[in-house]
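Numbering (the working numbering), first residue to last: 29 to 304.
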C-alpha cells in the first residue's frame, strides 16, 4: 500500500541520506532514522489510546512522546533492528508511515474496547430513562449521555488503580524489543486485529450493560404486573425513579467486574500483538 503511494513522489526524494546529510557519520544517520521511527510508533499509540485524547494538552503529549522515545532509543539502537535501516528518503517515509500505523493500531484496539464501555453506558442510560441527560464530552467531541461519561471515568479510575496503565506502557516498551523499528506486522494482520477488536468491544459493552438491563427489565415487569392488579396505587408514576435507583445500585455492584473485564481484554490485546 505504502509502496504504491511512494511511486507518486518526486524522483529526487529517492536518494540516500548521505546526499541530504553530507559529512555525517553513517552510524549517526542510522541512529537518527531509528529514533524517528521510534517517535512515530509512540506518537500513534499516544494519539489513539483513550487516556491521552483531547483531555490532555498537545504540549503534554509531545513531552510524553519524547520522554518515552529517549528511554527506549538507547537500547533499541544498541541492539539494532535486525533489518536494514531505510537508506533513502522514500524508504524512510514508508517505514515511518508503517510505524505510525502500528502505533495507531496498538492504541486504536484499546480505544475500541473503551468505546464498548461507552456503548454500555448509553444502553444503561436508555433503559433507565436517562438518555436525555447528556453533556458535552471533550474526549469524544460531541454530547454523550452522562451515564456513559460516568461509566467511562469509573473504568479509567479502576484501570489506574489496578495498574493497567503500567501494563499498556510495558507492552509499548516491549514492542521495541520483540518488534524493532522496520519490523511490524503486515497490513492484513493489523486490519484483521482491528476488525476482531471491534466485535470484542461490542461484546464487552454488552457484558457490562447486561446486569443493569436485566434488573431494570425485571423491575418494569414487576411494576407493570402490580399496576395491572392494583391500578389505584399508580406505581407507574414512581417507576422511572425505581429504574434509576435499581440501575445505579446494580451498576455500583458490577462496576468492579466491568473494570476487570476491560483489563483482561487489554492484556489479551497486547498478547495478540505479541507485546506481552
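Just so you know, even glycine gets a beta-carbon here, dropped at the ideal spot from N, CA and C. Treat the numbers as computed from the prediction; the structure is a model and nothing was measured.
Check, Outcome
"Determine the burial state of residue 33: buried for a count of at least 16 other Cβ atoms within 10 Å of its Cβ, exposed for fewer.", "Because residue 33 sits at a pLDDT of 48, beneath the cut-off of 50, its placement in the model cannot be relied upon, and the following sentence gives the value as read from the coordinates. Looking at its Cβ environment, which holds fewer than 16 other Cβ atoms inside 10 Å, residue 33 is exposed."
"Determine contact between the region 62–76 and the region 124–135, defined as no fewer than three beta-carbon pairs at a distance below 8 Å.", "yes"
"Kindly give me the distance between the Cβ atoms of residue 148 and residue 243, rounded to whole angstroms, as I take these residues to be in contact under 8 Å.", "So it is not a contact: roughly 14 Å between Cβ atoms."
"Return helix, strand or coil for residue 247, following the three-state DSSP convention.", "helix"
"Just verifying my parser: in three-state terms, what is the DSSP assignment at residue 210?", "coil"
"Decide if residue 68 is buried, meaning its Cβ has at least 16 other Cβ atoms within 10 Å, or exposed.", "buried"
"Quick check: the Cα distance between residue 146 and residue 71, rounded to an integer number of angstroms?", "24 Å"
"What whole-angstrom Cβ distance do residue 305 and residue 241 have, given they're in contact under 8 Å?", "Shown here, the chain extends from 29 to 304; a query on residue 305 therefore has no answer."
"Tell me which residue opens and which closes the alpha helix (DSSP H) that residue 86 is part of.", "86–107"
"Count the other CB atoms within 10 Å of the CB of residue 225; is the residue buried (16 or more) or exposed (fewer)?", "buried"
"Hey, how far is the Cα of residue 86 from the Cα of residue 125?", "21 Å"
"Thinking residue 239 and residue 62 are a contact (beta carbons under 8 Å), I'd like their distance in whole angstroms, please.", "Between residue 62 and residue 239 the Cβ distance is about 49 Å, and since that is not below 8 Å, they are no contact."
"Going by Cα to Cα distance, which pick from 299, 283, 294 and 293 is closest to residue 178?", "283"
"Does the beta-carbon distance from residue 100 to residue 66 come in below 7 Å?", "yes"
"Taking residue 191 as part of the alpha helix (DSSP H), name the residues at either end of that continuous run.", "Taken as a continuous stretch (DSSP letters only), residue 191 belongs to no alpha helix (DSSP H), as it is neither H nor E."
"Drop a sphere of 10 angstroms on the beta-carbon of residue 246, count the other beta-carbons inside from all chains shown, and report buried for 16 or more, exposed for fewer.", "exposed"
"Just how far apart, CA to CA, sit residue 297 and residue 150?", "24 Å"
"Taking residue 183 and residue 290 to be in contact with their CB atoms under 8 Å, please state how far apart those CB atoms are, rounded to whole angstroms.", "6 Å"
"To the nearest angstrom, report how far apart residue 102 and residue 175 are at their CA atoms.", "45 Å"
"Out of 115, 136 and 204, which has the shortest C-alpha to C-alpha gap to residue 218?", "136"
"Assuming residue 294 and residue 196 make a contact with CB atoms under 8 Å, what is their CB distance in whole Å?", "7 Å"
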